[in-house]
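For reference, the structure is listed below as structure tokens.
There are 2 protein chains.
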Amino acid sequence: MLFLIGLGLGDARDITVKGLEALRSCSRVYLEEYTSVLSGGKGALESFYGKELIVADREQVEQRSEEILKDADKEDVGFLVVGDPFGATTHSDLVLRAVNAGIPYKVIHNASILNAVGCCGLQLYNFGETVSLVFWTETWRPESFFDKICKNRQMGLHTLCLLDIKVKEQSVENMMRGKKIYEPPRFMTVSQAADQLVQIIRRRREDEPGEELGVTEDTVCVGVARLGADDQEIRAATLGQLVSCDLGAPLHSLVVTGRLHPLEVEMLQVNAETSALDHLTMVDSSTYTS
Amino acid sequence: MLFLIGLGLGDARDITVKGLEALRSCSRVYLEEYTSVLSGGKGALESFYGKELIVADREQVEQRSEEILKDADKEDVGFLVVGDPFGATTHSDLVLRAVNAGIPYKVIHNASILNAVGCCGLQLYNFGETVSLVFWTETWRPESFFDKICKNRQMGLHTLCLLDIKVKEQSVENMMRGKKIYEPPRFMTVSQAADQLVQIIRRRREDEPGEELGVTEDTVCVGVARLGADDQEIRAATLGQLVSCDLGAPLHSLVVTGRLHPLEVEMLQVNAETSALDHLTMVDSSTYTS
């Protein structure tokens, strides 16, 4: 049996009892660490689970999954994913390979950023399509997520923005020379994400003056960091204010709000910076229409 | 401290280790059972958790929350929610009352139907706004969710439909007579939900012949039942086919698909009835555009 086990968000103790039991029954356990990380990392997980973990990188999961699936028809193999196995990143591909090889599989669910973000006070069923922000390079500065956020906002919906993670990436130079030397991991911060959005806003304002933008520096946003961990941070403020915020260690996510219900405003105020609070009060009375 | 603890989906063993530890440290533990249920119910949970649970009904949570919050500034009180505390139902109201009373709170996340539904193979970031279907009465037959589904589909997005639960409801007669007699609990099935959608389609077709409908009997849908439990069911088929499906005991949810990616189609086929499989293959080549 292939067990796909969600580890949840936060730390080692966020695994479910069912997940922990399954994991301990496995003869081999892989840890997928390239789409998300938990505080403490592999060492902390191993000591709490009482089990040695094999780190599976993207290349192994996507191109050498036969190693992972080896003998999984005769014994139990665990595949651990931070969050939920079908959360922000879907591991459908691995499941399909198992199915095609006649290997039964079982999913043990857990919290994902896609539902846990609800703790900031925004109602989950008022979220539209989720978007991803990637690190821009000199030559690649995609903006399509911005239009999706605007589309969601037009319908009054909030947008969860998943922020880029670069783990075990090679520089172009090392890749071309075939050197397996990897760059240090990078995790996009709320501040960097907000800055990217503000850059898009400014460029569009210059290119199309007079055009009304769906998102501005004054749009109410929520930055979240290390959700589920003891030191989680939730910061409600305007997009412009978030450019200069420091929410600490990874992982970060950003929410761009849509139409705010009074109860949502009240919850955001619990997590608002004082300077953003007045603004939110104003939003309360001016933008909410049932 | 007020602990809001998600129980996840499935059974008692789907609680997280962190949640179980917190729960056991509490002097009183409430179980919110009016928005969702776990297999086995209160008895199974109590015996696994080793703790007596107090069932909190909607009236108590919404109108008499001071009982729940009593002394929570001095001792630990647990509030258990099936799924995630901020999942399909948000318990912001209880949190705000705690905050206003100066009571610290902590959320322990878990899987919610809003992320766990990803295991059917549809990618979560391609879901649009979530909708709710309620039991129709003779005089109240809301259809607004239908238009939201169509809007999501227009943008290529899937729609998660949460299906109505009636627990501890009084009949109008008993309510008028002030009799606290409650009707047996009712849980909407995938079949009932599909039937409701088909009724709307037929009515609109009669009212506005020639008008192209955003959802038809041939739209690919996925019925899910008891997600996370050992006997979970996932059934991919056309909406018309789902009208006559029987997915067994509650809880059920329905997904109306939008534009399907080939990898999503492959995953759906794993869970498809043979008769729906050909249709899905057709959808694969005809409706997917990147």
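Listed in order, the protein sequences are those of chains A and B.
Under my numbering, the residue at position 220 of the first sequence is numbered 245, and the numbers go up by one with no gaps.
Under my numbering, the residue at position 19 of the second sequence is numbered 44, and the numbers go up by one with no gaps.
All C-beta atoms, glycine included, are put in the ideal place defined by N, C-alpha and C.
Can you check whether the CB of residue j is closer than 8 Å to the CB of residue i?
i: residue 49 of chain A; j: residue 79 of chain A; result: no
i: residue 247 of chain B; j: residue 188 of chain B; result: no
i: residue 64 of chain B; j: residue 284 of chain B; result: no
i: residue 146 of chain B; j: residue 289 of chain B; result: yes
i: residue 229 of chain A; j: residue 236 of chain A; result: yes
i: residue 212 of chain A; j: residue 167 of chain A; result: no
i: residue 85 of chain B; j: residue 77 of chain B; result: no
i: residue 286 of chain A; j: residue 249 of chain A; result: no
i: residue 281 of chain B; j: residue 128 of chain B; result: no
i: residue 27 of chain B; j: residue 97 of chain B; result: yes
i: residue 41 of chain B; j: residue 133 of chain B; result: yes
i: residue 104 of chain A; j: residue 55 of chain A; result: yes
i: residue 224 of chain A; j: residue 208 of chain A; result: no
i: residue 125 of chain B; j: residue 44 of chain B; result: no
i: residue 106 of chain A; j: residue 116 of chain A; result: yes
i: residue 263 of chain B; j: residue 245 of chain B; result: yes
Check the Cβ of residue i against every Cβ in chain A and list those closer than 9 Å, keeping chain order.
i: residue 182 of chain B; result: 153 and 154
i: residue 65 of chain B; result: Those do not exist, as residue 65 of chain B stays about 13 Å from chain A at its closest Cβ, beyond 9 Å.
i: residue 40 of chain B; result: 41, 42 and 43
i: residue 17 of chain B; result: The question about residue 17 of chain B has no answer, for chain B in this structure spans 26 to 315.
i: residue 295 of chain B; result: 120, 121 and 124
Whose Cβ in chain A lies nearer than 8 Å to the Cβ of residue i?
i: residue 292 of chain B; result: 117, 120 and 121
i: residue 109 of chain B; result: 136, 140, 141 and 143
i: residue 223 of chain B; result: None at all; the shortest Cβ gap to chain A is about 23 Å.
i: residue 31 of chain B; result: 136
Give the C-beta separation of residue i and residue j to the nearest angstrom, bearing in mind that I take them to be a contact with Cβ-Cβ under 8 Å.
i: residue 83 of chain B; j: residue 59 of chain B; result: 5 Å
i: residue 185 of chain B; j: residue 160 of chain B; result: Contact doesn't hold; Cβ gap of about 18 Å is too wide.
i: residue 35 of chain A; j: residue 108 of chain A; result: Not a contact, Cβ separation roughly 10 Å.
i: residue 199 of chain B; j: residue 206 of chain B; result: 5 Å
i: residue 177 of chain B; j: residue 154 of chain B; result: 6 Å
i: residue 297 of chain A; j: residue 254 of chain A; result: Contact flag wrong, Cβ pair sits at about 21 Å.
i: residue 272 of chain B; j: residue 192 of chain B; result: Not quite, the Cβ-Cβ distance comes to about 20 Å (not below 8 Å), so this is no contact.
i: residue 47 of chain B; j: residue 94 of chain B; result: Contact doesn't hold; Cβ gap of about 16 Å is too wide.
i: residue 121 of chain B; j: residue 291 of chain A; result: 6 Å
i: residue 322 of chain A; j: residue 171 of chain A; result: Summary: the structure shown does not reach residue 322 of chain A, with chain A confined to residues 26 through 315, and so no result is reported for it.
i: residue 69 of chain A; j: residue 37 of chain A; result: 5 Å
From the DSSP secondary-structure annotation, give me the bridge partner or partners of residue i.
i: residue 133 of chain A; result: A:30
i: residue 278 of chain B; result: B:187 and B:249
i: residue 79 of chain B; result: B:55
i: residue 259 of chain A; result: A:249
i: residue 41 of chain A; result: B:41
i: residue 152 of chain A; result: A:183
i: residue 66 of chain B; result: Partner(s): none; residue 66 of chain B has no beta bridge.
i: residue 105 of chain B; result: B:30 and B:56
i: residue 157 of chain B; result: B:187
i: residue 170 of chain A; result: Looking at the DSSP assignment, residue 170 of chain A forms no beta bridge with any residue, so it has no partner.
i: residue 297 of chain A; result: A:261
i: residue 211 of chain B; result: B:191
In chain A, what lies closer than 7 Å to residue i by C-beta?
i: residue 76 of chain B; result: Simply none; closest approach about 14 Å.
Residues of chain B with a CB under 8 Å from the CB of residue i: which are they?
i: residue 272 of chain A; result: In chain order: nothing, as chain B lies at least about 18 Å away.
i: residue 34 of chain A; result: 134
What residues of chain B sit near residue i, judged by a beta carbon separation below 9 Å?
i: residue 253 of chain A; result: 43, 132, 133 and 134
i: residue 146 of chain A; result: 111, 115, 117, 120 and 121
Q: Would you check if there are 3 or more beta carbon pairs closer than 8 Å linking the segment 268-280 of chain A to the segment 214-229 of chain A?
A: They touch, by the three-pair rule.
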